[in-house]
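Going by the numbering used here, the first residue of the sequence shown is number 801, and it counts up by one from there.
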Amino acid sequence: MKAAIKAGIKFAVGTDGMHGGLAQEIRYLVDFGAAPIQALMAATCHAAKVCGFEESIGTLEPGKYGDIIGVKGNPLEDIGALKRVKTVVSMGEIKLQANQ
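See the structure below:
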């Protein structure tokens, strides 16, 4: 993976078999040399494109389905912030709102 990232090869990441593990998968990408924004895009818009769903998911745009999370910290500065989820909005409804 380090070589692919260094070579500029496009990549996506996701996890179907290990629910709750996506933040760790994204962390691995950063550990392997991806910039945080590259790793985040690999899990969102690039993953949607690989699956053929880029017209309906993957980015926050009018007409698309979008689940969003609020985290403590800035994942562009500290990718570990993805493990500190404070808010989850799914299908337009707040599913989790943690204090602090």
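The beta carbon of each residue, even a glycine, is placed where N, CA and C say it ideally should be.
Return the first residue and the last residue of the alpha helix (DSSP H) that residue i is part of.
i	result
VAL813	Element bounds for VAL813: n/a, residue is neither H nor E.
LEU805	For the record, residue 805 in the displayed sequence is Ile; it is not Leu. Segment 802-807, the alpha helix (DSSP H) holding ILE805.
ILE879	Looking at the DSSP string, ILE879 is not in any alpha helix (DSSP H), and its letter there is neither H nor E.
Here's a check: name, in chain order, each residue in its chain whose Cβ is nearer than 8 Å to the Cβ of residue i, leaving out the five neighbours to either side.
i	result
ASP867	VAL888, VAL889, SER890, MET891
ILE837	LEU876
CYS845	GLU854, GLY858, THR859
ALA898	VAL885, LYS886, THR887
Among residues of its own chain, excluding the 5 on either side of residue i, which ones have a beta-carbon nearer than 6 Å to its beta-carbon?
i	result
VAL885	ILE869, VAL871
ALA834	ILE805
Does the Cβ of residue i have 16 or more other Cβ atoms within 10 Å, making it buried, or fewer, making it exposed?
i	result
ALA847	buried
Since residue i is in the beta strand (DSSP E), which residue starts that stretch and which ends it?
i	result
ILE857	Taken as a continuous stretch (DSSP letters only), ILE857 belongs to no beta strand (DSSP E), as it is neither H nor E.
For residue i versus residue j, is the C-beta spacing smaller than 9 Å?
i	j	result
VAL850	ALA839	no
Less than 7 Å between C-beta atoms, sequence neighbours within five positions excluded: which residues of the same chain meet that for residue i?
i	result
LYS802	PHE832, GLY833
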